[in-house]
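Q: Structure incoming, see below.
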Amino acid sequence: MDFNANIFKLFNNEWALVTAGTEGRYNTMTISWGGAGTLWGRPVVTVYVKPVRYTHEFMEANDFFTVSFYPEQYRKALMLLGSASGRDGDKVAKAGLTPKFLDNAVTFAEAHTTLLCKKIYRQDLDLAAMPQSVIEASYKTEAPHTMYIGEVVEMIR
0 MDFNANIFKL FNNEWALVTA GTEGRYNTMT ISWGGAGTLW GRPVVTVYVK PVRYTHEFME
60 ANDFFTVSFY PEQYRKALML LGSASGRDGD KVAKAGLTPK FLDNAVTFAE AHTTLLCKKI
120 YRQDLDLAAM PQSVIEASYK TEAPHTMYIG EVVEMIR
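If you want it as structure tokens, here you go:
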């Protein structure tokens, strides 16, 4: 598996979608926090989802998730998918993306790269272990993110 990319730029500047579920029921959301590397001798991706997000329920209930990256022309779609909730309707259709169903997960045909991940670890972030400035900036009104680590089992281009 060869993934040559500026991972900092991909997550922070270009964003990504994290998607969990299956063909019958799934949800996706835009993320700009994440990372890629190795853990326990495996290639992994780490993503963070707040418990208040609809996608969190899908991340908890499924063993697989995808992280997908898009050309710049889909920036408006990613903005919509990061601000609208799937609880309120079909935000994927509104964003104009085409679901692509895999055996254990969902991605979108418009992605230039999708990482299919098997969840191998999850942990709620601990407020007691964070700097006060982070708590003030990110967690004054909502519970902290859940961190999910997924082993990258396939890269789809």
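Each step along the sequence shown adds one to the number in numbering that gives the first Met the number 0, with nothing skipped, and position 124 is 123. For glycine and all other residues, C-beta sits at the position ideal for the given N, C-alpha and C.
Going by DSSP in three states, T54 sits in which element: helix, strand or coil?
A: To locate residue 54, count along the sequence shown from 1; it is residue 55. Helix.
Q: Are there 16 or more other CB atoms within 10 angstroms of the CB of G20, so buried, or fewer, so exposed?
A: Taking the first residue of the sequence shown as position 1, residue 20 is located at position 21. By the 10 Å Cβ count, G20 comes out buried.
Q: In whole angstroms, give me the CA-to-CA distance for A127 and A136.
A: To locate residue 127, count along the sequence shown from 1; it is residue 128. To locate residue 136, count along the sequence shown from 1; it is residue 137. Between A127 and A136, the C-alpha separation is close to 15 Å.
Q: Indicate whether the contact test is met: 3 or more Cβ pairs, each with one atom in the stretch 48-62 and one in the stretch 91-101, closer than 8 Å.
A: In short, these stretches do not touch, since the Cβ pair count stays below three.
Q: Rounding to the nearest angstrom, what Cα-Cα distance links L124 and Y147 in this structure?
A: What you label residue 124 is simply residue 125 of the sequence shown in a count that begins at 1. What you label residue 147 is simply residue 148 of the sequence shown in a count that begins at 1. Roughly 10 Å between the two C-alpha positions.
Q: Tell me where the alpha helix (DSSP H) around E135 begins and ends.
A: Looking up residue 135 in the sequence shown gives position 136. Taken as a continuous stretch (DSSP letters only), the alpha helix (DSSP H) holding E135 covers 131-137.
Q: Pick out the complete alpha helix (DSSP H) segments inside the stretch 43-127, 4 residues or longer, and give them in chain order.
A: If we require 4 residues or more, the alpha helix (DSSP H) runs fully inside the stretch 43-127 come out as 53-60, 74-82, 90-94.
Q: Hey, is C116's beta-carbon within less than 8 Å of any beta-carbon in chain C?
A: In the structure shown, chain C cannot be found, because there is only a single protein chain.
Q: Output yes or no for whether 8 Å exceeds the beta carbon distance between L80 and T27.
A: Numbered from 1 along the sequence shown, position 81 holds the residue referred to as residue 80. Numbered from 1 along the sequence shown, position 28 holds the residue referred to as residue 27. Yes, these two residues count as a Cβ contact at 8 Å.
Q: Which one of Y69, N12, Y47, A108 has the shortest CA to CA distance from G33?
A: Position 34 of the sequence shown, counted from the first residue, corresponds to residue 33. For the residues Y69, N12, Y47, A108, the minimum Cα distance to G33 belongs to Y47.
Q: Consult DSSP for E153 and reduce its assignment to one of helix, strand or coil.
A: Counted from its first residue, the sequence shown places residue 153 at position 154. If DSSP states are grouped into helix, strand and coil, E153 belongs with the strands.
Q: Give the straight-line distance between the Cα atoms of P130 and L77, rounded to the nearest whole angstrom.
A: In the sequence shown, the residue the question calls residue 130 occupies position 131. In the sequence shown, the residue the question calls residue 77 occupies position 78. Cα to Cα, P130 sits roughly 30 Å from L77.
Q: Kindly list the residues whose CB is nearer than 6 Å to the CB of P42, restricted to its own chain and excluding five residues on each side of it in sequence; keep chain order.
A: Position 43 of the sequence shown, counted from the start, is the residue given in the question as residue 42. If we look at P42 and ignore the five residues flanking it on each side, its Cβ neighbours are V151.
Q: At what residues does the beta strand (DSSP E) containing L38 begin and finish?
A: As a first step, residue 38 must be located in the sequence shown, where it is residue number 39. L38 -> beta strand (DSSP E) spans 33-38.
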